[in-house]
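Asks: In the numbering used here, each residue carries its 1-based index in the sequence shown increased by 395.
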Amino acid sequence: MTIAPRPWVNDIQAYRPGTASASEDGSMASNESPLGASPRLGTALAEAVSRLHRYPDPLARELCAKLASLHGVHPDQILVGNGSDELIFLLSTAFLAQGGHAVCAEPAYQIDAISAASVNARVTRVPLTAWTHDLDAMSRVRADIAYVVNPHNPTGTIRSLAEIKAYSESGAAGLVVVDEAYIDFTEDPGAMTAIPLIDSGRVAVLRTFSKIHGLAGLRIGYLVAGRDVIGALRKVRAPFSVGTLAQAAALNALEDTGHRDAVREHTLRVRSELTSLLAVHGLHAVESHANFVLVPVPDEAGFVAAVAAHGVSVRPGSALGAPGTVRISVPTEAGLALLAGALHHVLPVNHLETSDHR
Ligand SMILES: *Cc1c(COP(=O)(O)O)cnc(C)c1O
Numbered sequence: 396m397t398i399a400p401r402p403w404v405n406d407i408q409a410y411r412p413g414t415a416s417a418s419e420d421g422s423m424a425s426n427e428s429p430l431g432a433s434p435r436l437g438t439a440l441a442e443a444v445s446r447l448h449r450y451p452d453p454l455a456r457e458l459c460a461k462l463a464s465l466h467g468v469h470p471d472q473i474l475v476g477n478g479s480d481e482l483i484f485l486l487s488t489a490f491l492a493q494g495g496h497a498v499c500a501e502p503a504y505q506i507d508a509i510s511a512a513s514v515n516a517r518v519t520r521v522p523l524t525a526w527t528h529d530l531d532a533m534s535r536v537r538a539d540i541a542y543v544v545n546p547h548n549p550t551g552t553i554r555s556l557a558e559i560k561a562y563s564e565s566g567a568a569g570l571v572v573v574d575e576a577y578i579d580f581t582e583d584p585g586a587m588t589a590i591p592l593i594d595s596g597r598v599a600v601l602r603t604f605s606k607i608h609g610l611a612g613l614r615i616g617y618l619v620a621g622r623d624v625i626g627a628l629r630k631v632r633a634p635f636s637v638g639t640l641a642q643a644a645a646l647n648a649l650e651d652t653g654h655r656d657a658v659r660e661h662t663l664r665v666r667s668e669l670t671s672l673l674a675v676h677g678l679h680a681v682e683s684h685a686n687f688v689l690v691p692v693p694d695e696a697g698f699v700a701a702v703a704a705h706g707v708s709v710r711p712g713s714a715l716g717a718p719g720t721v722r723i724s725v726p727t728e729a730g731l732a733l734l735a736g737a738l739h740h741v742l743p744v745n746h747l748e749t750s751d752h753r
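Okay, here's the thing in structure tokens:
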């Protein structure tokens with residue numbers, strides 16, 4: 396090689412994706428929507444196809460207007476990105492490059508640490524306490540950006556709006572980025588969201604269309620923040636990163652509230668069934684407010700391999716910074732049955748060593 400990466404790039408631990416399962420129902424590794432996208436998506440995309448010879452609207456104005464009215468903010472307080480991951484990288488470029496400092500939990504969402512490391516920022520990781528963000532310990536770290544994933548990934552735990560408000564007011568971080576990728580799966584998303592805190596100038600909120608809206612393959616998310624933050628990010632972004640199809644799909648997703656409600660209802664119900672199923676087998680999931688559960692298991696690699704043999708793909712916790720656990724995304728009804736069958740065969744081997752092992 397005639398050119399070498401910057402020295403800090405060599406130290407980055409590249410993102411480790413989940414492995415797709417052989418079957419749709421067996422896919423429980425990546426927190427995707429078990430019910431897919433809105434059934435009206437095809438029509439919305441077909442209509443947008445006629446505009447594909449044109450560049451997309453770089454500011455996604457129609458979508459921003461719709462999101463602004465949904466959240467009670469001004470369109471200038473929203474930036475749409477190529478997935479929320481792009482927005483996390485933009486935050487690093489604008490606020491962390493060349494000597495910045497980010498604080499996040501340990502374990503954290505991988506992208507938060509990778510994006511900060513990519514611009515040679517310092518990253519302080521604060522261990523979770525009882526699987527939740529230790530905001531007291533985080534408030535003792537002075538940082539430019541603090542990442543609070545709420546509900547957290549990979550644990551599914553939450554901090555209250557009051558706790559996040561108090562943390563942002565501690566002034567420890569220049570900007571608290573609250574990643575609400577899973578907020579729709581909490582008991583009361585309207586009361587949970589940190590969007591009302593953005594006017595303080597200390598809080599920004601990330602949202603995605605990848606989870607409840609089932610558009611992970613299309614890549615679209617958004618940030619809600621003060622005008623200054625949005626203005627800085629607009630300067631460093633690639634102007635056409637969010638394509639015409641993604642904008643059309645997101646608009647359709649916001650209009651199809653029936654599908655969104657169905658995904659939410661399914662997720663909450665099957666999450667509780669999944670938790671009960673695991674408990675029957677002696678496994679106690681961390682109480683989750685997201686579309687997945689984190690489960691401590693005696694033999695992580697053994698569990699992952701054993702359910703894989705039954706067509707079920709789950710995420711090994713050690714790939715997510717939580718060794719000794721597995722993360723299981725809320726599946727379809729058929730997926731839950733598949734998992735039940737797998738556990739029936741697997742657990743006597745791994746845990747109970749009983750004679751009913753067939
Ligand atoms: C899934 C997820 C996202 C979504 O990222 P996209 O780039 O929008 O697909 C963001 N944050 C967290 C913590 C997630 O788990």
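Beta carbons: idealized from backbone N, C-alpha and C, even for Gly.
(1) Confirm the yes/no value for this check: CB of residue 611, any heavy atom of ligand 1, distance under 8 angstroms.
(2) With residue 708 as the anchor, note down where its alpha helix (DSSP H) starts and where it stops.
(3) Using three-state DSSP, classify residue 705 as helix, strand or coil.
(4) Given a cut-off of 9 angstroms on the beta-carbon distance, is the pair residue 411 and residue 714 in contact?
(5) Give me the residue from 654, 548, 740 and 537 with the minimum Cα distance to residue 723.
(6) Can you name, in chain order, every residue of its own chain whose Cβ lies under 7 angstroms from the Cβ of residue 521, other than the five neighbours on each side?
(7) How do the region 419 to 426 and the region 725 to 743 stand: do at least 3 beta-carbon pairs fall below 8 angstroms, yes or no?
(8) Taking 9 angstroms as the threshold (C-beta atoms), are residue 607 and residue 666 in contact?
(9) Just reading off the alpha helix (DSSP H) that residue 681 is part of, what are its end residues?
(10) Work out the CA separation of residue 582 and residue 704 for me, nearest whole Å.
(11) On the DSSP bridge list, what partners appear for residue 722?
(12) Could you give the uninterrupted runs of the beta strand (DSSP E) lying entirely in the region 610 to 674, keeping only those of 3 residues or more?
(13) Mind checking whether the beta-carbon of residue 603 lies closer than 8 angstroms to any heavy atom of ligand 1?
(14) Just the Cα atoms here: how many angstroms apart are residue 591 and residue 557?
(15) Buried or exposed for residue 380, please, with buried defined as at least 16 other CB atoms from any protein chain shown within 10 angstroms of its CB.
(16) What are the boundary residues of the beta strand (DSSP E) that residue 539 is part of?
(17) Could you tell me which whole alpha helix (DSSP H) segments of length 4 or greater appear in the region 433 to 482?
Replies: Here's the rundown:
(1) Checking the 8 angstroms criterion, the Cβ of residue 611 is within range of a heavy atom belonging to ligand 1.
(2) Premise fails: residue 708 lies in the beta strand (DSSP E), 708 to 711, not in any alpha helix (DSSP H).
(3) Looking at residue 705 - three-state DSSP - the assignment turns out to be coil, as it is neither helix nor strand.
(4) yes
(5) 548
(6) 498, 500, 501, 529, 532, 533 and 536
(7) Enough Cβ pairs lie closer than 8 angstroms, so yes.
(8) no
(9) Taken as a continuous stretch (DSSP letters only), residue 681 belongs to no alpha helix (DSSP H), as it is neither H nor E.
(10) Whole-angstrom Cα-Cα distance: 34 angstroms.
(11) 689 and 710
(12) Taking only runs of at least 3 residues, the beta strand (DSSP E) segments lying wholly in the region 610 to 674 are 616 to 619.
(13) yes
(14) 11 angstroms
(15) In the structure as shown, the chain begins at 396 and stops at 753. Residue 380 is therefore absent and cannot be evaluated.
(16) 538 to 544
(17) 436 to 444 and 456 to 466
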